[in-house]
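Numbering (the working numbering), first residue to last: 1 to 189.
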């Protein structure tokens, strides 16, 4: 049985780091998600991601160099589609891991509060009503960079890594609503 030398391992992991670095940007992930829905021109991708065409083009070039997308020109328009290889399963795996993390966050909040039975999912409309009435503290547990790119009104950002150490300060306030993309988890304190 042969093993890779330290230099060979370093090369392999360096390539792995380069590929994954391409995914380490919220705008690139957004663009990739939109492309996964079907081939689209750069102008439409920029619009969907809330980017300028120039900015979207730069991000798309990063994704193209890493092999995540391919492009074709049709007249003055450049269209992007997913690259060859298991790009779709990779996106699904990232989504699955994200859902796992969100479930962990929900479990963490429930266990910390020791009130699992009092957790509830709430709609955006219900959240906005409770916010308007001043009944809740809105907690956004996404990374600071994602929070900075857009968040719900009056949200407090505490990334999940800091949640354990900062949760006691929240518990002194009122009902806490943790914002998780695609779901709202409400923990009554």
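Where is the CB? At the ideal position from N, CA and C, for every residue including glycine.
- The C-beta separation of residue 167 from residue 154 comes to about 18 Å, leaving the pair out of contact by the 8 Å criterion.
- Boundaries for residue 26: no beta strand (DSSP E) harbours it, while the alpha helix (DSSP H) harbouring it runs 26-36, taken from the DSSP string.
- The continuous stretches of alpha helix (DSSP H) do not include residue 77, which lies in the beta strand (DSSP E) extending over residues 77-82.
- Shown here, residue 157 sits in a strand according to DSSP, grouped into three states.
- Following the DSSP letters along the chain, one finds residue 136 in no alpha helix (DSSP H) but inside the beta strand (DSSP E) bounded by residues 136-140.
- In the structure shown, residue 174 falls within a coil segment according to DSSP collapsed to helix, strand and coil.
- Taking residue 22 as the centre and dropping the five residues before and after it, the same chain places the C-beta of 28, 62, 63, 66, 68 closer than 7 Å to its C-beta, in chain order.
- Residue 41 sits in a strand when the DSSP states are folded into three classes.
- Here the alpha carbon of residue 145 sits roughly 26 Å from the alpha carbon of residue 126.
- A Cβ-Cβ distance of about 10 Å is found for the pair residue 79 and residue 43, leaving them out of contact under the 8 Å criterion.
- The beta carbons of residue 54 and residue 31 sit no closer together than 9 Å.
- In this model, residue 60 and residue 130 are separated by some 40 Å (Cα to Cα).
- Looking at 75, 71, 36, the one whose alpha-carbon comes closest to that of residue 88 is 36.
- Counting every other CB atom within 10 Å of its CB across the protein chains shown gives residue 93 a total below 16, marking it as exposed.
- Residue 140 is a Cβ neighbour of residue 156, given a cutoff of 9 Å.
- Rounded to whole angstroms, the gap between the alpha carbons of residue 158 and residue 6 is 39 Å.
- Secondary structure note for residue 71: it is in no alpha helix (DSSP H), and the uninterrupted beta strand (DSSP E) holding it is 69-74.
- Burial is judged here by how many other beta carbons sit within 10 angstroms of a residue's own beta carbon; residue 51 has at least 16 and is buried.
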